[in-house]
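K.L.:
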Amino acid sequence: MKKIVLLWAIGIALFSSATAQEKDQVIKKVWEAVGGKATFEKSRYIQFTFASERNGQVGNGRNHIWDRYTGDYRFESKAANGKTTTVLFNVNTQKGKAFEDGILQPDTTSAKLIKRAYGAFINDTYWLMVPLKLQDPGVNTALEASETIDGVKCEVIHLNFDKVGLTPGDQYWLYVNALTGEITRWKFLLQGQKNTSVFEWAPYQDLGNGLKLSLKKTNLESKSAIVFPGTKVLPSVTKDIFIKP
17 MKKIVLLWAI GIALFSSATA QEKDQVIKKV WEAVGGKATF EKSRYIQFTF
67 ASERNGQVGN GRNHIWDRYT GDYRFESKAA NGKTTTVLFN VNTQKGKAFE
117 DGILQPDTTS AKLIKRAYGA FINDTYWLMV PLKLQDPGVN TALEASETID
167 GVKCEVIHLN FDKVGLTPGD QYWLYVNALT GEITRWKFLL QGQKNTSVFE
217 WAPYQDLGNG LKLSLKKTNL ESKSAIVFPG TKVLPSVTKD IFIKP
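The sequence shown begins at 17 in my numbering and counts up one residue at a time.
(1) Name the one or two DSSP bridge partners that Gln187 has.
(2) In the DSSP assignment, find the unbroken alpha helix (DSSP H) run with Phe100 in it and report its ends.
(3) Between Val107, Val168, Gln73, which has its C-alpha nearest Ala241's C-alpha?
(4) I need the DSSP call for Ile259, collapsed to helix, strand or coil.
(5) Could you give the first and the last residue of the continuous alpha helix (DSSP H) run that contains Gly135?
(6) Is the distance from the Cβ of Leu144 to the Cβ of Phe244 below 8 Å?
(7) Identify every residue that forms a DSSP beta bridge with Ser59.
(8) Would you please verify whether the beta carbon of Leu144 is less than 8 Å from any beta carbon of chain B?
(9) In whole angstroms, give me the CA-to-CA distance for Pro153 and Lys203.
(10) Pick from Tyr188, Glu57, Leu229, Phe66: whose alpha carbon is nearest that of Asp83?
(11) From Tyr142, Asn79, Glu38, Glu48, pick the residue whose C-alpha is nearest to that of Glu198; which is it?
(12) So, using beta-carbon positions, are Ile165 and Val192 closer together than 8 Å?
(13) Measuring only the C-alpha atoms, how far is Val42 from Ser59?
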């Protein structure tokens with residue numbers, strides 16, 4: 017009996033090891049598809065707009081410029097009343113200043129606007145950059161059964177979280193083209209919700225230095241989309257970009 021239990025335990029260990037290796041190979045392909053870890057590491061300044069598209073019309077978006085090395089951030093959005101909010105802060109400390117139409121806001125107002133801008137940073141960068149975040153601290157990944165979508169075999173990576181981020185109860189399923197390593201769609205179940213959403217990803221585009229990401233994700237049910245116009249890796253920025261509104 018002891019021999020049977022031992023053999024069973026060894027079999028489980030070997031299976032787990034093989035599954036982990038398969039998952040690591042898929043994640044390696046995901047990195048290769050975006051241009052590689054080295055390309056991402058040298059991508060210091062990232063600029064993008066997060067916007068929704070409905071019936072071919074793109075609404076007012078949220079504009080971002082991020083210094084990944086220092087955490088300095090510039091966030092801009094326009095309200096329905098036409099006022100432009102600019103928040104200059106650091107994503108690591110969540111400290112900074114906020115302006116409306118160029119006018120510095122009181123500390124209490126700034127604190128609220130910084131909190132809102134930080135939430136947008138978390139949400140919007142995740143939508144854009146999730147292929148780059150699979151190995152972040154607190155992220156759990158598991159390889160599930162592969163699926164065939166539109167005749168293409170896709171490996172499926174399931175993501176959940178160890179109490180990190182603003183909504184640690186979120187779950188994601190990434191569908192990775194088995195040949196190219198590009199994520200072709202994702203499904204997610206957000207914290208507190210009962211139904212999943214599925215978005216199809218447009219093919220990756222080069223952001224200017226070899227880093228490649230999908231810049232359009234289309235909801236399969238509503239056909240609305242999240243788009244990222246003006247996304248690029250900047251070689252440099254002016255010194256005032258994180259200081260002046």
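Glycine included, C-beta positions come from ideal geometry on N, C-alpha and C. Because the structure is a prediction, the values reported are computed rather than measured.
P.N.:
With the structure as the only source:
(1) Leu205
(2) Before going on, a small fix: residue 100 reads as Thr here, not Phe. No alpha helix (DSSP H) contains Thr100, which is instead part of the beta strand (DSSP E) from 100-106.
(3) Minimum Cα distance to Ala241 is reached at Gln73.
(4) coil
(5) 123-145
(6) yes
(7) As DSSP reads the structure, Ser59 sits in no beta bridge.
(8) Given the protein chain composition of this structure (a single chain), no chain B is represented.
(9) Looking at the two C-alpha atoms, the distance is approximately 21 Å.
(10) Looking from the CA of Asp83, the closest CA among Tyr188, Glu57, Leu229, Phe66 belongs to Glu57.
(11) If we check each option's Cα against that of Glu198, Glu48 comes out closest.
(12) Ile165 places its beta carbon 8 Å or farther from that of Val192.
(13) Roughly 23 Å separates the two Cα atoms.
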